[in-house]
Amino acid sequence: MSSSYPVRYYSYTVPAAVLSCAIVGYVTALDVDPAGTDWISLAGFTLLALLSKFLSFRIMRVVTLTMDTAVYVTALLCLGTVPAAWAVFLSSFAKVIWDTVVRERRKGEERRPLAENLTAPWFQGGTTALAILCAGRLLPVDEFLAGALSPALHVIWLAPTAAAIFLVLQYTIVLNKYWLRGYSWRNLFREVFLPGVGAEILLVPLSMIMTLAWLGGAAHSTAALSVMIVAYLVVNVLFERHSDALSQLDSRLKELESLNELGRTLCSTLQADDLIPALAFQTRTLLPGADVAMVFVWDDEKREFASHVDVRDGFPEAQFDRVLAGRLSDWAIQSRLPFVVSPRGAVRSGLSLNHVDGQALAGQSWVGVPIQVYEQTIGVLVAYSREPEAFTDADLGLVQMVGLQAAVALQNSRLYVLATVDGLTRLFVRRYFDRRLAEEMARARRYKSHFTLMLLDFDD
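When we follow my numbering, the leftmost residue of the sequence shown carries the number 323, and every step to the right adds one.
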């Protein structure tokens, strides 16, 4: 079983899928009359919801955001609670099946566990349908459709309220499974829940217009229905592109901020003990998809590579394969080439895995660059992600920029040691000794404390 899908993940998704599908089926058996169901309208809303799902985009590289809530709310207010739940179930189920088939047929793509492939359609379809079912039951939707409530007056509050109930339930159910995979609730709430709910609420006014047009009879004409569908899909496309542009801009700004912070950090100290942890932290921060960053630096005194690991909050460090990281770093040191490893073959940037077990790389992503000074490799920067295809060539370019700054900083640190420490005795040279002595004496005077200097002479 993949480490990305622990047992507790399935102990949540499997019961949730079974329970939600059972509830939807039970309510359907009680309330639905097949002869009185508008199957054509149900098929139309199912198709529209499915089309909107193909305009989805990713947040945090693992969570997919789909602007389909407006379709669900419109189906709820036009068809009723149970038919809307079935439109939601069928569209969600079909989209997950499609994604699974495409992923499994794509050459070199990560193969997800069989249990995940079998559970995902029922979980996504069942829980989404259950959320819209709860929204319909908590609100007077049936009275609204029966004509007991004024459409023009009550759709104004029914649509946004139904959307809010659905979104809170759906996001809570779905994001909980990502939390069980190791992602922090704080990041999920800040980076997925808040922007996702805010974006989908913006399309609720379209849901109001479509509902009023449908109930007024205009939507029964082919032309009016086509115009509404096209308008909704166009808004979806524009929102998707706008979101992608903002995401790229935000990503670029974060990269520049991280590079600026890295430069200031590296310039603030000449001590290697401070530089190496800072390099690991800034490298991991710079790559949004990185779970772990590791720095290998040659230690002249110990005559070996020292290492430091920085782990993202919430990531179990035991899942990080230090041995594999060391083997990839050995390759980078010997070849003096950067690398990007992914499930698609790990051939990018010249990396050949003849000496690395390909099975060990399944479902993982790695990126690394050697740190070079005057044709000499003095270290390696490595980043790891448990998600496939987490790193791109653009990420490799960023790590190379960090590697260049790291090379300058580490070389300055080495020159500083050479200038202050005698190579034979490993003691301070006279000029640096006098400077440190003056600093300690000044500190003793400032704090009115004692200061002792001991001189020893060793003779044969």
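Ideal Cβ placement from N, Cα and C applies to all residues, glycine included.
Beta-bridge partners of D613 (DSSP): none assigned. For F713, the number of other beta carbons within 10 angstroms of its own is at least 16, and it is reported as buried. Going by beta carbons, T391 and A485 fall inside the 8 Å limit. When Cβ pairs closer than 8 Å are counted between the two stretches, the stretch 493-513 is seen not to touch the stretch 395-410, the count staying below three. By the CB criterion at 8 Å, F637 and V663 fall outside the cutoff. The beta carbon of A728 sits closer than 6 Å to those of L601, I693, all from its chain and outside the five residues before and after it, given in chain order.
In this model, L588 and P710 are separated by some 31 Å (Cα to Cα). In the three-state reduction of the DSSP assignment, P405 falls in the helix class, which pools H, G and I. E577 has its alpha-carbon roughly 38 Å from the corresponding atom of Y754.
The beta-carbon separation of F411 and G448, rounded to 7 Å, stays under the 8 Å limit for a contact. Excluding its 5 nearest sequence neighbours in each direction, A457 has C-beta neighbours in its own chain below 7 Å: L398, A484, I487, F488, listed in chain order. Taking the Cα of Q686 as reference, the smallest distance to any Cα among V424, L646, L516 is reached at L646. Rounded to whole angstroms, V418 and L364 show a C-alpha spacing of 19 Å. A Cβ-Cβ distance of about 31 Å is found for the pair V743 and Q722, leaving them out of contact under the 8 Å criterion.
The beta carbon of R330 sits closer than 7 Å to the beta carbons of L502 from its chain, once the five residues preceding and following it are set aside; these are given in chain order. Residue environment analysis places I655 among the buried positions, since at least 16 neighbouring C-beta atoms fall within 10 angstroms of its C-beta.
Taking 3 residues as the shortest admissible run, the stretch 684-719 contains the following complete beta strand (DSSP E) segments, listed from N- to C-terminal end: 687-695, 698-707. Using a Cβ distance threshold of 8 Å, S414 and T441 do not count as a contacting pair. If you check the CB distance, T368 and S529 do not come in under 8 Å. The C-beta distance from L732 to L597 rounds to 6 Å, short enough to meet the 8 Å contact threshold. F637 sits in coil when the DSSP states are folded into three classes, being neither helix nor strand. The way I'd put it, the stretch 755-772 doesn't touch the stretch 620-640; fewer than three beta-carbon pairs between them come closer than 8 Å. In the DSSP annotation of this structure, the continuous segment of the alpha helix (DSSP H) that includes F445 starts and ends at 436-460.
As computed with DSSP, W536 is found in no beta bridge at all.
Annotation for F661: the continuous beta strand (DSSP E) segment containing it runs 661-663.
Nearest to R586 by alpha-carbon distance, out of V730, A567, V349, is V730. The DSSP-derived three-state label of D632 is strand. The Cβ-Cβ distance between L436 and V477 does not fall below 8 Å.
Going by DSSP, Y331 is part of the alpha helix (DSSP H) stretching over 329-353. Classified as buried, E522 has 16 or more neighbouring CB atoms from the shown chains inside 10 Å of its CB. Rounded to the nearest whole angstrom, the CA to CA distance from L516 to L740 is 53 Å. Annotation: K770 is outside any alpha helix (DSSP H) and is labelled neither H nor E by DSSP.
Assigned with DSSP and collapsed to three states, F618 falls in strand. Taking 8 Å as the cut-off, the beta carbon of A407 is found closer than this to the beta carbon of I454.
In the three-state reduction of the DSSP assignment, F750 falls in the strand class, which pools E and B.
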